[in-house]
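Novice: Below you'll find the structure I mean.
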Amino acid sequence: MSPLPPASVRVRAPGKINVFLEVGDVQDDGYHELATAFQAVSLYEEIVATPADDITMEVSARGPVDIEGVPTDDRNLAVRAARLLAQTAGVDRGAHLSVRKAVPVAGGMGGGSADAAAALVACDALWGLGMPTGELAHLAARLGADVPFALLGGTAVGTGRGDELSPALARGRFDWVLVPNELGMSTPVVYGELDAHRERHAVDIGPAPRVPAVDPDVLHALRQGDARMLAATLRNDLQAPALHLRPELARVLERGESSGALAGIVSGSGPTLAFLAADESAALDLQITLSAAGLVALHVHGPVAGARVI
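Counting in the UniProt record's numbering, the sequence shown runs from 1 upward without gaps.
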């Protein structure tokens, strides 16, 4: 007799900050080659998976997250992750996924990717598959560029489309204050704005192809656990197009940096802003200052582990 499935499995997966993101030229397939350094931070998506006849999903919010418009059908990456795992493993059972979101929707922090990674881990446990992490990572890469990192967590360098990962050593703890925005941004639109900007200035930069690479100083700062060194090397090629599309974000960046942050950066394709603080105490002070100014400010730290059963 096969063992009964567990009554439920709870998994959490982290959001991420791109502490470095260099974008290459657009390829024939419409995608861009990337070189990025990810850091997983302590803002988590949670999924509770329970046995069901089919794969279904519901969404609720944890904290100041607008979940209006988040799909709960096969358009959702978590549902697609569960279906892909079931198809790959030959599972004929279902799962109901109860997703509690804390990572801003369309906020440049990989919340949907974290949901997908959490769904893979939750359904693997719910169905008793025991699939090796490497196989789950292979499935994760089929779902989206950020999903393998949400599965891995910690700190990593991503190349290709960002899904070819190499773990990076990061000592100590980095404290961040996040300022989300109630209006999300479309990643394809931000990339399109970057391409348009580059096309407008093609004469200035010349025809040489861009071969993106992570700045060695970023990796050195992470290895040293040195927040000030990391602040000096933060870079995001999507920041300029994001600020062009949403000029009001620049004012918030200026406010954070004038209120004690070592540096501020647009997270991924935006619009979430991430401010690096010198330490935990400085981050708490910054959070209080920005909150007093009427902004939503969240204190998080990294690096943290990837998708895990809790």
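Ideal Cβ placement from N, Cα and C applies to all residues, glycine included.
Hey, A150 and A307 are a contact pair by Cβ (cut 8 angstroms); roughly how many whole angstroms apart?
Specialist: 6 angstroms between Cβ atoms; contact.
Novice: Determine contact between the region 66 to 74 and the region 242 to 257, defined as no fewer than three beta-carbon pairs at a distance below 8 angstroms.
Specialist: Too few Cβ pairs lie closer than 8 angstroms, so no.
Novice: Beta strand (DSSP E) containing I17: first to last residue?
Specialist: Its beta strand (DSSP E) spans residues 9 to 26.
Novice: Look at F38 and T233 and say whether their C-beta atoms are less than 8 angstroms apart.
Specialist: Cβ atoms of F38 and T233: not closer than 8 angstroms.
Novice: Can you look up S186 in the DSSP assignment and give me helix, strand or coil?
Specialist: Three-state DSSP puts S186 in coil, outside helix and strand.
Novice: Tell me whether E248 sits in a helix, a strand or coil according to DSSP, three-state version.
Specialist: In the structure shown, E248 sits in a helix (DSSP, three-state: H, G or I).
Novice: Let's test the definition: count the other Cβ atoms within 10 Å of the Cβ of D28 and tell me whether it reaches 16, buried, or not, exposed.
Specialist: With fewer than 16 other Cβ atoms within 10 Å, it is exposed.
Novice: In angstroms with no decimal places, state the Cα-to-Cα distance between A297 and V103.
Specialist: Taking the straight line joining both Cα atoms gives about 13 angstroms.
Novice: From the DSSP output, in three-state form, read off T56 for me.
Specialist: The answer is strand: DSSP assigns T56 an E or B state.
Novice: For residue 316, which of helix, strand or coil comes out of DSSP?
Specialist: Here the chain covers residues 1 to 310 and nothing more, so residue 316 does not appear.
Novice: Exposed or buried, what is E199 when buried is set at 16 or more other beta-carbons lying within 10 Å of its beta-carbon?
Specialist: So E199 ends up on the exposed side.
Novice: In the DSSP assignment, the alpha helix (DSSP H) including L219 goes from what residue to what residue?
Specialist: Element bounds for L219: 216 to 224.
Novice: Would you kindly work out how many angstroms separate the C-alpha atoms of G256 and G225, rounded to a whole number?
Specialist: Their backbone Cα atoms lie some 22 angstroms apart in a straight line.
Novice: Based on DSSP bridge pairs, tell me the residues matched to T159.
Specialist: Looking at the DSSP assignment, T159 forms a beta bridge with A35, E164.
Novice: DSSP beta-bridge partners for D175?
Specialist: According to DSSP, D175 bridges with A277, H301.
Novice: Are the CB atoms of A117 and P303 within a distance shorter than 8 angstroms?
Specialist: Not closer than 8 angstroms, so no.
Novice: If you follow the alpha helix (DSSP H) that R100 is part of, which residue opens it and which one closes it?
Specialist: Where R100 is concerned, there is no enclosing alpha helix (DSSP H), although the beta strand (DSSP E) it sits in stretches over 94 to 101.
Novice: Nearest by alpha-carbon distance to R223: which of L169, E46, H301 is it?
Specialist: Out of L169, E46, H301, L169 has the C-alpha closest to the C-alpha of R223.
Novice: Please report how far the alpha carbon of L290 lies from the alpha carbon of N181, in whole angstroms.
Specialist: Distance between the alpha carbons of L290 and N181 is about 13 angstroms.
Novice: Could you work out which residue in L183, A89, V179 is closest to A292 when comparing CA atoms only?
Specialist: Of the listed residues, the one whose Cα sits closest to A292 is V179.
Novice: In the DSSP output, what is R265 paired with across the bridge?
Specialist: The amino acid occupying residue 265 in the given sequence is Ile; Arg does not appear at that position. In DSSP, I265 forms a bridge with A274.
Novice: Taking the C-alpha atoms as reference points, what is the distance between A274 and R83?
Specialist: Going from the Cα of A274 to the Cα of R83 covers about 33 angstroms.
Novice: Can you tell me which of the three DSSP states G154 falls into?
Specialist: Of the three classes helix, strand and coil, the one that applies to G154 here is coil, per DSSP.
Novice: Taking the alpha helix (DSSP H) that A82 belongs to, which residues open and close that run?
Specialist: A82 -> alpha helix (DSSP H) spans 77 to 89.
Novice: Secondary structure at V309, three-state DSSP: helix, strand or coil?
Specialist: Of the three classes helix, strand and coil, the one that applies to V309 here is strand, per DSSP.
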